[in-house]
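Worksheet for the structure shown next.
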Amino acid sequence: MANITIRNLDEGLKGRLRMAAAQHGHSMEEEVRVILRQALTPAEQTKGLGSRIKRRFAEDGVELDLAPRTDAPRSAMLEE
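Just so we're aligned, residue 1 is where the sequence shown starts under the UniProt record's numbering, counting upward by one.
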């Protein structure tokens, strides 16, 4: 893998990077790799909302407590 050196990095930016890395539980170096990967990997904007939701919950799924349906279906009343 290639190495990269960043000179003259603003101290405030470096501090925010350090905080983000700590929040995500990895090193500053890994945080930079994640940021670069996210910034430079093409977004999947071609997929619709439903596809993105399905992908998000595909691994763990979701359990919903739904109330039982007690009412019988009824016809729609359309007035002329």
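The beta carbon of each residue, even a glycine, is placed where N, CA and C say it ideally should be. In this text the structure is predicted, and so the values were computed from the model without any measurement.
Going by the beta-carbon positions, is the gap between residue i and residue j smaller than 8 Å?
{"i": "Met28", "j": "Ala21", "result": "yes"}
{"i": "Val32", "j": "Leu13", "result": "no"}
Do you know offhand how far residue i's Cα is from residue j's?
{"i": "Ala67", "j": "His24", "result": "38 Å"}
{"i": "Glu11", "j": "Ala2", "result": "25 Å"}
{"i": "Met19", "j": "His26", "result": "10 Å"}
{"i": "Ile4", "j": "Ile35", "result": "14 Å"}
{"i": "Met77", "j": "Glu63", "result": "34 Å"}
{"i": "Glu59", "j": "Glu30", "result": "24 Å"}
Under DSSP, the alpha helix (DSSP H) around residue i begins and ends at which residues?
{"i": "Arg74", "result": "From DSSP, Arg74 is part of no alpha helix (DSSP H); its letter is neither H nor E."}
{"i": "Ser51", "result": "49 to 57"}
{"i": "Met1", "result": "Premise fails: Met1 is in no alpha helix (DSSP H) and is neither H nor E."}
{"i": "Arg16", "result": "11 to 24"}
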